[in-house]
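Just below is one structure, and these are the notes that go with it.
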Amino acid sequence: MTAIAGFFVDWNGNTRATTDPGGGYLCEADPVARYVAITTPSGMLMHEATFYKSLEDIAKAGITAPLVPGSHPWGRPDEGL
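Using our numbering, you'd call the opening residue of the sequence shown number 7 and step up by one each time.
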């Protein structure tokens, strides 16, 4: 897998760009398999998601998820994050 520009939905229901996932995480995307792996810099898998080529593709899938920048924190305070 390689870094491919696209989008995914995180565990809090936010849309994030694969090129700027935030939280110090890295993304590897496989557009053919429609798969995104979000990992720590050391390689630990933190989240798996569906790869979307565009925001329009997310909308076509019936998903309503706000686009957030990489500076937006992952997790919520009630999750201990």
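All residues carry an ideal CB built from backbone N, CA and C; glycine is no exception.
Look at residue 16 here: in three-state DSSP terms it is coil, with no helix or strand label. For residue 44, the enclosing beta strand (DSSP E) begins and ends at 41–45. When 17, 30, 13 are compared, the shortest CA-CA separation from residue 24 is found for 13.
With respect to the C-alpha of residue 38, the residue from 71, 16, 59 having the closest C-alpha is 59. Between residue 20 and residue 71 a beta carbon distance of about 6 Å is seen, short of the 8 Å cut, so the two are scored as contacting.
Take residue 31, set aside five residues on each side of it, and the residues of its chain with a beta-carbon closer than 7 Å to its own are 44, 45, 46, 52, in chain order.
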